[in-house]
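In what follows, a structure is listed as structure tokens, so that the remarks can point back to it.
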Amino acid sequence: MDRIALIFDFDDTLAPDSTSSFLESIGVDTKDFWGKKVKTLLDEDWDPIPAYLYKMIEASKEGKSITKEKLKAFGKRINFNEGVKRFFPYIKSTFEKKYPDISIEYYMISSGVGEIIRHTEIAKHFTQIWASDFEYDHKGEILFPKKIVSFTDKTRYIFHVSKGIIGEKSMANPFEVNKKVAEEKLRIPFANMIFTGDGYTDIPCFSMIKRNGGIAFGVYDREHHDKFGRAWGFIEEGRVTNLHSANYKKGSDLCNSIEMGLESICRKIELRKAIYQG
Numbered sequence: 001m002d003r004i005a006l007i008f009d010f011d012d013t014l015a016p017d018s019t020s021s022f023l024e025s026i027g028v029d030t031k032d033f034w035g036k037k038v039k040t041l042l043d044e045d046w047d048p049i050p051a052y053l054y055k056m057i058e059a060s061k062e063g064k065s066i067t068k069e070k071l072k073a074f075g076k077r078i079n080f081n082e083g084v085k086r087f088f089p090y091i092k093s094t095f096e097k098k099y100p101d102i103s104i105e106y107y108m109i110s111s112g113v114g115e116i117i118r119h120t121e122i123a124k125h126f127t128q129i130w131a132s133d134f135e136y137d138h139k140g141e142i143l144f145p146k147k148i149v150s151f152t153d154k155t156r157y158i159f160h161v162s163k164g165i166i167g168e169k170s171m172a173n174p175f176e177v178n179k180k181v182a183e184e185k186l187r188i189p190f191a192n193m194i195f196t197g198d199g200y201t202d203i204p205c206f207s208m209i210k211r212n213g214g215i216a217f218g219v220y221d222r223e224h225h226d227k228f229g230r231a232w233g234f235i236e237e238g239r240v241t242n243l244h245s246a247n248y249k250k251g252s253d254l255c256n257s258i259e260m261g262l263e264s265i266c267r268k269i270e271l272r273k274a275i276y277q278g
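Letter 19 of the sequence shown, counting from 1, is numbered 19 in this note's numbering, and no numbers are missing.
The following block contains the structure:
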């Protein structure tokens, strides 16, 4: 059985920024949170991801009481970008029906808060979700960053997908991903991957997948004109194969492009099989 991996970022790719939305829901001034508190740490040379996680812990200690249950509950209320909820079953059923010897698998690699993302309505479609996580105290409040998924950390999980180090096999065994695997034994080759993301933390994944024969799509939010320049920069720098607004509705430019990318990969797989068998 051949496999194709569709790999997604989450925040601003599949849904509006879930961390900001959660913080707003508990009364945090997000303009002050990102523009002053987190920026102060960035000015002191903090990495952006541990900086925001630390400031969330600080906000919890200062009275906002951020708990595991609150994060889970918020995940269940997340609103998605247009067409997202129907996109995953549609793509999988369409291509697995047309190419019964090829399996479509979904993965998510996000710098956002895992407890939120894993409890969203679409989480059930993903073979695995990697995101930043907290350790919790005896009251269930966030205590310390347990896992940080930052820029190049994301590429680590691309190797997890490629080598098949997923599910229980990936738990409590962080060094397994460093083992060398012959190209012909990879569970999913890079050329059988499509990565979709929107931000600076996705650049290493864009570059690695595109460089190794896969497809990288950049997306942007039509409602936030301040992010257009960043998105266009991905095209100018050759980071992505194509750029679209984050609309996953059937017939949209993004959905059509992903379908065309999948069709191309499927045909190459079938051609390789025909050559090998012939």
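In this text, a Cβ means the ideal position worked out from N, Cα and C, and glycines have one as well.
Ser20 versus Lys185 - alpha carbon distance: 41 Å
Consult DSSP for Trp130 and reduce its assignment to one of helix, strand or coil. strand
Does DSSP put Pro204 in a helix, in a strand, or in coil? helix
With distances taken Cα to Cα, identify the nearest neighbour of Leu271 among Pro16, Leu254, Asn247, Ile102. Ile102
Whether Thr201 touches Ser132 by CB criterion (8 Å): no
What three-state label does DSSP hand Phe228 in the structure shown? Low confidence applies to Phe228: its pLDDT is 49, below 50, so where it sits in the model is not reliable, and the reading given next is rough at best. Reduced to three states, the DSSP call for Phe228 is helix.
State the CB to CB distance for the pair Arg3 and Ile188, rounded to an integer number of angstroms; the pair is presumed to be in contact (CB under 8 Å). Contact holds; Cβ gap of about 5 Å.
Is the Cβ-Cβ distance between Lys68 and Gly167 less than 8 Å? no
Which one or two residues does DSSP pair with Glu105 in a beta bridge? Answer is Ala5, bridged to Glu105.
Beta carbon of Glu82 nearer than 8 Å to that of Lys249: yes
Which of the three DSSP states is assigned to Ser286 in this structure? Any answer about residue 286 is impossible in this case: the structure gives the chain only from 1 up to 278.
Contact set for Phe159: own chain, Cβ-Cβ below 7 Å, skip 5 residues either direction: Beyond the five residues adjoining it in sequence on each side, Phe159 comes within less than 7 Å, by CB distance, of Val177 in the same chain, given in chain order.
Just reading off the alpha helix (DSSP H) that Met193 is part of, what are its end residues? No alpha helix (DSSP H) contains Met193, which is instead part of the beta strand (DSSP E) from 193–197.
Kindly list the residues whose CB is nearer than 7 Å to the CB of Ile104, restricted to its own chain and excluding five residues on each side of it in sequence; keep chain order. Within the same chain, Ile104 has close Cβ partners Ile4, Leu6, Ile91, Lys92, Phe95, Glu96.
Range covered by the alpha helix (DSSP H) that runs through Ala73: 68–75
Just mark Tyr276 as buried or exposed, buried being the case when its beta carbon has 16 or more other beta carbons within 10 Å. exposed
Tyr99 by DSSP, collapsed to three states: which one? coil
I'd like to check one pair, Val219 with Ser245: are the Cβ atoms closer than 8 Å? yes
Out of Pro89, Glu115, Ile116, Tyr99, which one is the CA nearest neighbour of Tyr106? Pro89
Tell me the DSSP secondary structure of Gly112 in three-state form. Residue state, collapsed to three classes: strand.
Might you give, ordered along the chain, the residues of its own chain that have their beta carbon closer than 6 Å to the beta carbon of Glu135, omitting 5 neighbours on each side? Annotation for Glu135: Leu143, Phe144, Lys146 place their beta carbon closer than 6 Å to its own, counting only its chain and skipping 5 residues before and after.
Comparing alpha-carbon positions, which option in Ser25, Lys163, Lys154, Lys169 lies nearest Phe74? Ser25
First through last residue of the alpha helix (DSSP H) which encompasses Phe159: Unbroken alpha helix (DSSP H) run through Phe159: 153–163.
Expressed to the nearest angstrom, what Euclidean distance is found between the alpha-carbon atoms of Ile117 and Pro48? 19 Å
Give the straight-line distance between the Cα atoms of Pro204 and Ala172, rounded to the nearest whole angstrom. 25 Å
Provide the residue(s) that pair with Val219 in DSSP beta bridges, ordered along the chain. Beta-bridge pairing links Val219 to His244.
Is it true that the CB of Ile109 sits closer than 8 Å to the CB of Lys163? no
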